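Undergrad: First the structure, then my questions, so here it is.
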Amino acid sequence: MVNQRRPDGSLRHLITLDGLARPELEKLLQRAQGYVCLPGSQPRMNQRLAGITIGNLFTEPSTRTRVSFELAGRRLGAEVVNLEVQLSSQMKGETMLDTIRTLESLHFDMFVIRDSQAGVVAHVADNVAAHVSVLSAGEAHVSHPTQGLLDALTVLQHKGERFDRLTLAVVGDIRHSRVARSAYEAFTGLGIGELRLIAPEGLMPQPGEFPRGVRFSTPEDGLQGCDIVMMLRIQKERMQAAAIPDGGDYFQHFGLDRRRLQLAKPDAIVMHPQPMNRGIEIDDEVADGRQSVIRDQVRNGVAVRMAVLEQVARPRPLRA
Ligand code: CP
Numbered sequence: 000m001v002n003q004r005r006p007d008g009s010l011r012h013l014i015t016l017d018g019l020a021r022p023e024l025e026k027l028l029q030r031a032q033g034y035v036c037l038p039g040s041q042p043r044m045n046q047r048l049a050g051i052t053i054g055n056l057f058t059e060p061s062t063r064t065r066v067s068f069e070l071a072g073r074r075l076g077a078e079v080v081n082l083e084v085q086l087s088s089q090m091k092g093e094t095m096l097d098t099i100r101t102l103e104s105l106h107f108d109m110f111v112i113r114d115s116q117a118g119v120v121a122h123v124a125d126n127v128a129a130h131v132s133v134l135s136a137g138e139a140h141v142s143h144p145t146q147g148l149l150d151a152l153t154v155l156q157h158k159g160e161r162f163d164r165l166t167l168a169v170v171g172d173i174r175h176s177r178v179a180r181s182a183y184e185a186f187t188g189l190g191i192g193e194l195r196l197i198a199p200e201g202l203m204p205q206p207g208e209f210p211r212g213v214r215f216s217t218p219e220d221g222l223q224g225c226d227i228v229m230m231l232r233i234q235k236e237r238m239q240a241a242a243i244p245d246g247g248d249y250f251q252h253f254g255l256d257r258r259r260l261q262l263a264k265p266d267a268i269v270m271h272p273q274p275m276n277r278g279i280e281i282d283d284e285v286a287d288g289r290q291s292v293i294r295d296q297v298r299n300g301v302a303v304r305m306a307v308l309e310q311v312a313r314p315r316p317l318r319a
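Structure below.
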């Protein structure tokens, strides 16, 4: 496991939420809450990252994570460069590490990386200069730490601090989901009362993973009385074609519609990290309905990423 801390114990990288103690998670959420910007209001901005250059390197598609990391950096006064990896010299065979070393020579101080291969983000973190920080923006099926934090912040806003009184149901393709893994780390770290995993057998995590999760093979069993329903997209890009479920059949057995949502508590909230496949894992009525907090999740993404960037940053001496 990557060491994401400095010798003084402070967080230098954020590759995983595993190992973050509850007070540390709570502090990040508190800091993020201070940056939450309600619709129609002017975002909070400062210069705490002035003089810092951040590189966004995404080798997998992204809308929310990439845009919100960019906004977060800019709102803290950093210079942010989005490297178009598909147009970069990686297409000519350059390794990720050689790209990173090139950008280090150009005085980059932080890298935000999304990559489809497990271990790449940690490998970069192990090889950057001592003053450089590396943040995961989603690593294969393994980890999406800022998503875990923004999900926790969304629950905090809607359900309050007593996570121990809450039951979270995670529904869908858990096996291939980095969102589910980081949600597990965030919510178990914050002391969630009960965490249920609802998936067809082929999409359940491997035995031994999610040790605190209680497994259910149908939404009819698993959604009863829960407070939070977190729906997941089928990660087709991580499956063999033959293993991809038929969309109509999947919706019939695992899709969230109004009838299934009624099994949860009347005030249950519905979450989805997006992108959504409407009509496959969730229908329009629920996705856009009064119990949906999906747009709040997106809004919280900028606030959480501001908190994380601020947390890992260290003041830089003026360059000669
Ligand atoms: N939730 C999430 O990671 O969305 P993007 O893939 O659009 O960044």
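The letter at position 262 of the sequence shown is residue 261 when you use numbering that gives the first Met the number 0, and the numbering goes up by one with no holes. Note that beta-carbon positions come from the ideal geometry of N, C-alpha and C, so glycine has one too. Just so it is clear, the structure is predicted and the values come from calculations on it, not from any experiment.
Check the DSSP bridge columns for R113 and list the partner residues they point to.
TA: Bridge pairing for R113: F57 [DSSP].
Undergrad: Is any non-hydrogen atom of the ligand CP found closer than 7 Å to the C-beta of P272, if you look at the structure I gave you?
TA: P272 Cβ: within cutoff of the ligand CP.
Undergrad: Can you list, in chain order, the residues of its chain with a C-beta nearer than 6 Å to that of F57? Leave out the 5 residues immediately preceding and following it.
TA: R65, R113
Undergrad: Answer yes or no: the CB of G72 versus the heavy atoms of the ligand CP, is any distance below 7 Å?
TA: With a cutoff of 7 Å, G72 does not count as near the ligand CP, since its C-beta is closer than that to no heavy atom of the ligand.
Undergrad: What residue ranges within the stretch 68-138 form continuous alpha helix (DSSP H) runs of no fewer than 4 residues, ordered along the chain?
TA: 95-104, 119-126
Undergrad: Between R30, V285, I173, which lies nearest to E309 when the distance is taken from Cα to Cα?
TA: Each of R30, V285, I173 was checked against the Cα of E309, and the nearest Cα belongs to R30.
Undergrad: In or out: T62 buried (at least 16 other Cβ within 10 Å) or exposed?
TA: Its Cβ having fewer than 16 others within 10 Å, T62 is exposed.
Undergrad: Just to check my reading of the structure: G190 and F209 have Cβ atoms closer than 8 Å, yes? What is that Cβ distance to the nearest angstrom?
TA: Contact check for G190 and F209: beta-carbon distance about 16 Å, past the 8 Å limit, so the pair fails to qualify.
Undergrad: My parser needs the beta strand (DSSP E) runs of 3 or more residues fully inside the stretch 222-264; what are they?
TA: 227-230
Undergrad: So what does DSSP say about A286, is it helix, strand or coil?
TA: helix
Undergrad: Say yes only if the C-beta of Q146 is nearer than 7 Å to one or more non-hydrogen atoms of the ligand CP, and no if none qualify.
TA: yes
Undergrad: Note down the Cα distance separating S176 from E25, rounded to an integer number of angstroms.
TA: 24 Å
Undergrad: Just tell me which of G54, S67, P204, N299 has its CA closest to the CA of H106.
TA: G54
Undergrad: Going by the beta-carbon positions, is the gap between V303 and S132 smaller than 8 Å?
TA: no
Undergrad: For A129, tell me which candidate among R294, R5, V79, P22 has the shortest Cα-Cα distance.
TA: R5
Undergrad: Hey, out of Q156, R195, L222, E284, whose CA is closest to Q32's CA?
TA: Q156
Undergrad: With distances taken between CB atoms, is the gap from V170 to I197 smaller than 8 Å?
TA: yes
Undergrad: Counting Cβ pairs, one atom from each stretch, are 3 or more of them under 8 Å apart for the stretch 143-155 and the stretch 6-22?
TA: Judged by Cβ distances under 8 Å, the stretch 143-155 makes contact with the stretch 6-22, as three or more pairs qualify.
Undergrad: Cβ-heavy atom distance between H122 and the ligand CP below 7 Å?
TA: Closer than 7 Å to some heavy atom of the ligand CP: that does not describe the Cβ of H122.
Undergrad: CB-CB under 7 Å to M164, same chain, minus the five flanking residues each way: which ones, in chain order?
TA: Before going further, note that residue 164 is Arg rather than Met in the sequence given. Answer for R164: G192, listed in chain order.
Undergrad: Just to check, is the beta-carbon of G137 closer than 7 Å to a non-hydrogen atom of the ligand CP?
TA: yes
Undergrad: Which whole-angstrom value describes the C-beta separation of V285 and V297, a residue pair presumed to lie in contact below a C-beta threshold of 8 Å?
TA: Incorrect: roughly 17 Å between the Cβ atoms, too far for contact.
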